[in-house]
Amino acid sequence: MQLFVLLFSVFGAIFLPLINGQPLPTDEDNENKNSTEDGNIWAVLVATSNGWENYRHQADVSHAYHTLINHGVEKKRIITMMVDDIANNTENPEPGKIFNVPHGEDVYEGVKIDYRCHEVNSQNFMAILLGDEKRTKGKPVLKSTGKDKVFVYTSGHGDFGFLIFPHSELTVKQLTRTLKTMHEKKMYAEMTLYIEACKAGSMFFETLKKEWKIYAVTASNPYENFAGSI
């Protein structure tokens, strides 16, 4: 599907400049780049849905993972959540594979999935952002600092004032409180969020403070629905 083309353009136009305009590192330079005084790049990628009919969400998150890797972000600083019920779904005509564009490459291969099945929920998502390993029972969380750049991408369903996870919801109040706490804990220098869901704009409607240094991009305004191409 062409859905992720939008994310790629947003990533290129908005997030990459947060790397202070420096040339992208080579594979050999990645380790050195990510240990400089400029800070590290962290990412949280979340497909918030489940079920074959929501194929596109896990496809886009998988593509996002490879896009980040190809732009020099280290695997250990990418945290991925998806139910993982698509690649080996009985309805999948290409078992073990996921594609985000027709006749494209398999984007499932090589994706490091940190949270699967019932672990994909709003509570774990907030715990990841807050760096709370106790709540995630030792699973990966953000360990970013005030020098780091953070990119958060979610793909799924939503409605006015909340995002829908398989068995829970993330309300705008919960998200705002989480972002406020991240700011207070100095967990980033700058943050970019891209939310892909119906009425996604409602998650940031008159909630973000300028001093938080958060740039939010949504696939829909607070009042419109959003649909994938396939």
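Position 206 (the sequence shown) corresponds to 206 in full-length UniProt numbering; numbering is contiguous. We put the beta carbon where it would ideally sit given N, CA and C, even for glycine. Bear in mind that the values here come from a model prediction, so they are computed numbers and not experimental data.
- Shown here for Val-150: same chain residues with a beta carbon closer than 6 Å to its own, the five before and five after excluded, namely Trp-42, Ser-144, Tyr-188 and Met-191 in chain order.
- When DSSP assignments are scanned along the stretch 166-225, the uninterrupted stretches of beta strand (DSSP E) that are 3 or more residues long and fall wholly within it turn out to be 168-171, 190-196 and 214-218.
- Under the three-state reduction of DSSP, Lys-75 is assigned to helix.
- Residue environment: Asn-221 is assigned as exposed (fewer than 16 neighbouring CB atoms within 10 Å of its CB, all protein chains considered).
- The beta-bridge partner set that DSSP reports for Phe-162 consists of Asp-159 and Thr-171.
- Just so you know, the alpha carbons of Arg-135 and Asn-225 end up roughly 33 Å apart.
- Contact between His-167 and Asn-92 fails: their C-beta atoms lie close to 23 Å from each other, not under 8 Å.
- Asn-100 sits buried, since 16 or more C-beta atoms from the chains shown fall within 10 Å of its C-beta.
- According to DSSP, residue pairing for Tyr-115 in a beta bridge involves Met-81.
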